[in-house]
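Per the numbering used here, the sequence shown starts with residue 243, numbered consecutively. Where a beta carbon is used, it is the ideal one built from N, C-alpha and C, also for glycine. Computed from a prediction, not measured in an experiment: that's the story for all the values here. Scroll down for the structure; my scribbles are underneath it.
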Amino acid sequence: MTPATANAVATFPAPDLAGFLASIRGALPAECILACEDQTRAYECDGLPLFRELPPVVVLPEDEPQLIAVLNACRAHHVPIVPRGAGTSLSGGATPHPQGVVIGMAKFNRILGLDPERAIAIVQPGVRNLAISEAAAPHGLYYAPDPSSQIACSIGGNVAENAGGVHCLKYGLTVHNVLGLRIVTIEGEVLELGGEAPDAPGLNLLPFFVGSEGMLGMVTAVTVKLLPRPELARVIMASFASVEQAGEAVTRVIAAGVIPAGLELMDQRAVRLVEPFVHAGYDLDAAAILLCESDGTAEEVAGETSRVAAIMAAAGAIRVQVSASEEERLRFWAGRKNAFAAAGRISPDYYCMDGTIPRRHLARVLGAIADMEKTHGLACSNVFHAGDGNLHPLILFDANEPDEVERARAFGAAVLELCVEVGGTITGEHGVGIEKVDQMCFQFSRAELDAFAAAKRAFDPYGLLNPLKVIPTLARCAEYGRMHVHRGELSFPNIPRF
Numbered sequence: 243m244t245p246a247t248a249n250a251v252a253t254f255p256a257p258d259l260a261g262f263l264a265s266i267r268g269a270l271p272a273e274c275i276l277a278c279e280d281q282t283r284a285y286e287c288d289g290l291p292l293f294r295e296l297p298p299v300v301v302l303p304e305d306e307p308q309l310i311a312v313l314n315a316c317r318a319h320h321v322p323i324v325p326r327g328a329g330t331s332l333s334g335g336a337t338p339h340p341q342g343v344v345i346g347m348a349k350f351n352r353i354l355g356l357d358p359e360r361a362i363a364i365v366q367p368g369v370r371n372l373a374i375s376e377a378a379a380p381h382g383l384y385y386a387p388d389p390s391s392q393i394a395c396s397i398g399g400n401v402a403e404n405a406g407g408v409h410c411l412k413y414g415l416t417v418h419n420v421l422g423l424r425i426v427t428i429e430g431e432v433l434e435l436g437g438e439a440p441d442a443p444g445l446n447l448l449p450f451f452v453g454s455e456g457m458l459g460m461v462t463a464v465t466v467k468l469l470p471r472p473e474l475a476r477v478i479m480a481s482f483a484s485v486e487q488a489g490e491a492v493t494r495v496i497a498a499g500v501i502p503a504g505l506e507l508m509d510q511r512a513v514r515l516v517e518p519f520v521h522a523g524y525d526l527d528a529a530a531i532l533l534c535e536s537d538g539t540a541e542e543v544a545g546e547t548s549r550v551a552a553i554m555a556a557a558g559a560i561r562v563q564v565s566a567s568e569e570e571r572l573r574f575w576a577g578r579k580n581a582f583a584a585a586g587r588i589s590p591d592y593y594c595m596d597g598t599i600p601r602r603h604l605a606r607v608l609g610a611i612a613d614m615e616k617t618h619g620l621a622c623s624n625v626f627h628a629g630d631g632n633l634h635p636l637i638l639f640d641a642n643e644p645d646e647v648e649r650a651r652a653f654g655a656a657v658l659e660l661c662v663e664v665g666g667t668i669t670g671e672h673g674v675g676i677e678k679v680d681q682m683c684f685q686f687s688r689a690e691l692d693a694f695a696a697a698k699r700a701f702d703p704y705g706l707l708n709p710l711k712v713i714p715t716l717a718r719c720a721e722y723g724r725m726h727v728h729r730g731e732l733s734f735p736n737i738p739r740f
């Protein structure tokens with residue numbers, strides 16, 4: 243087989259699924275190979291059900307040698323590979339390939355080691371995000387990134403998407419909390435990126451791999467840093483009569499030099515969706531609410547909450563409430579973390595977008611989204627990681643109505659393009675996957691997209707790892723018809739379209 247080169251469009255043989263299955267049956271237990279529709283149907287989509295594809299084969303390797311055997315067989319028979327964690331991803335990154343294999347990593351679910359003295363844990367990729375903190379809790383430690391799906395999502399998926407959560411403003415995304423990765427390449431080679439030390443020799447490929455959405459290799463172990471659990475945490479819930487005032491409050495908090503543990507915004511529709519579901523104690527009359535968490539010692543928390551409350555009041559808050567107990571703090575956050583689930587109580591379907599904008603444009607973007615509701619004839623509730631400008635509009639629609647599906651997708655595309663136009667980007671923590679591949683054409687220039695394609699070829703010259711995701715083909719960009727300001731013919735990419 244001849245891999246793709248940088249300067250010529252490669253030709254690839256058709257996938258040989260029958261040969262692939264024959265070659266792995268001796269390498270994996272029979273129960274780890276799923277090839278019947280009733281077995282594979284559960285893998286047809288991830289957390290973005292707008293995109294569905296029944297996978298012809300799903301394999302569930304139990305250890306690294308089995309995984310290497312599967313990757314070698316895929317390469318030998320040119321079978322496309324879709325890595326999959328818990329399937330909670332929201333951009334279609336785990337959508338199966340119609341002629342490929344889904345490699346599920348659910349059986350890689352052990353915590354390999356936890357060292358409280360060095361404050362690190364080494365875990366397999368199928369370990370749940372929350373399970374790391376649960377294991378570290380007896381030592382007074384925890385793992386900081388906390389996506390809303392943390393009760394179910396896997397650390398391998400977090401690495402693939404560079405997941406964040408409501409506390410990412412102060413404690414960072416996955417990339418800021420991972421020290422090392424053990425990966426297997428498409429060639430079956432095992433690589434160690436980063437490590438347990440503060441620094442590692444050679445090129446720093448660790449942050450390059452985090453957020454690569456399964457396009458560069460398969461993770462088999464992750465070394466994460468653990469943090470001391472704060473002595474105390476309190477949440478301020480502030481209500482505002484307008485979204486503009488809430489956006490101004492966010493700007494003032496950050497400008498004052500305060501870096502809260504979390505700073506989240508919810509508009510009135512989001513609040514009214516959540517409150518009957520969670521009973522968090524939200525102000526139903528507010529146009530928007532802010533949740534701002536302070537953590538640290540009791541003295542630090544008291545000082546910061548007092549300072550933030552004054553800033554909120556000066557920005558026009560009509561109600562400011564500080565959580566009086568840990569139970570109440572968790573209830574305030576439960577409302578925010580259940581915003582997506584609450585949307586399902588009033589709408590047959592919802593489309594959760596993910597873009598990032600400069601904080602100063604919060605009010606402008608929310609106003610534009612309100613106008614888009616009228617243009618597309620669909621309602622939208624808004625929740626934000628307001629501290630870092632990561633927005634998550636929830637577009638409500640009914641998938642049983644084909645016209646509404648198309649309108650929802652058009653609405654989402656308009657939101658993403660608006661993010662780019664105000665100086666932001668098309669994703670903050672959900673990745674690109676299938677969902678945003680067209681908007682990659684809108685955000686990036688020819689030279690940038692060429693560089694992305696070249697980076698993928700360096701790790702995956704056969705074009706087998708999660709093909710048709712993230713990096714758009716020339717034909718796709720031409721079909722989309724919306725190009726970056728640096729217009730011109732795209733010379734990339736030699737990524738196969740099986």
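- Burial is judged here by how many other beta carbons sit within 10 angstroms of a residue's own beta carbon; I668 has at least 16 and is buried.
- Boundaries cannot be given for A528, as no beta strand (DSSP E) includes it and DSSP labels it neither H nor E.
- Less than 8 Å divides the Cβ of P502 from the Cβ of G629.
- Here Y722 carries a helix assignment [DSSP, helix/strand/coil].
- Judged by their CB atoms, V401 and V452 are nearer to each other than the 8 Å cut-off.
- About 11 Å separates the CB atoms of V321 and V344; that is not less than 8 Å, and the two are not in contact.
- Ranked by Cα distance from Y524, the first of G499, E486 and F482 is F482.
- By the C-beta density criterion, D280 is exposed, having fewer than 16 other C-beta atoms within 10 angstroms.
- In chain order, M508, A512, A581 and H634 place their CB closer than 6 Å to the CB of V625, counting only its own chain and leaving out the 5 sequence neighbours on each side.
- Following the DSSP letters along the chain, one finds S623 inside the beta strand (DSSP E) bounded by residues C622 to H627.
- For Y384 against S375, the beta-carbon gap comes to about 4 Å, under 8 Å, which counts as contact.
- Between A463 and R424, the C-beta gap is smaller than 8 Å, which places the two residues in contact.
- Rounded to the nearest whole angstrom, the CA to CA distance from Q487 to A284 is 45 Å.
- The beta strand (DSSP E) runs of length 3 or more contained entirely in the stretch 580-662 are, from start to end of the chain, 591-594, 622-627 and 632-639.
- Under DSSP, M508 shares a beta bridge with I531 and V625.
- Take G382, set aside five residues on each side of it, and the residues of its chain with a beta-carbon closer than 7 Å to its own are P470 and R471, in chain order.
- Restricting attention to E535, F450, L309 and A641, the CA atom closest to the CA of G430 is found in L309.
- Per DSSP, the beta-bridge partners of A480 are L532 and V562.
- The Cβ atoms of G398 and V495 do not sit closer than 8 Å to each other.
- About 6 Å separates the beta carbons of L533 and R578, which is inside the 8 Å limit, making them a contact pair.
- Contact annotation: A475 and V543 have beta-carbon atoms nearer than 8 Å.
- Taking D357 as reference, the option from A378, A348 and K349 with the minimal CA-CA separation is A378.
- For G407, the CB contacts under 6 Å within the same chain, skipping 5 residues up- and downstream, are P387, D388 and P389 in chain order.
- With contacts defined as CB atoms closer than 8 Å, A522 and A576 qualify as a contacting pair.
- In the DSSP annotation of this structure, the continuous segment of the alpha helix (DSSP H) that includes G545 starts and ends at A540 to A556.
- In the DSSP assignment, P325 falls within the beta strand (DSSP E) that extends over I323 to R326.
- Nearest in C-alpha terms to L636, of all of E643, M614, D645 and P644, is M614.
- According to DSSP, T667 shares a beta bridge with T598.
- Secondary structure of I275 (DSSP, three-state): strand.
- DSSP, read as helix, strand or coil, puts M347 in coil.
- Nearest Cα to Y722 within the set A655, R649, A693 and L691: A655.
- Here the alpha carbon of R267 sits roughly 54 Å from the alpha carbon of T617.
- The beta-carbon distance between L660 and L638, rounded to whole angstroms, is 19 Å. This is too long to meet the 8 Å contact definition.
- Secondary structure note for K467: its beta strand (DSSP E) is the uninterrupted segment M460 to K467.
- According to the DSSP secondary-structure assignment, V312 is paired through a beta bridge with no residue.
- Annotation for D305: no beta strand (DSSP E) segment contains it, and DSSP assigns it neither H nor E.
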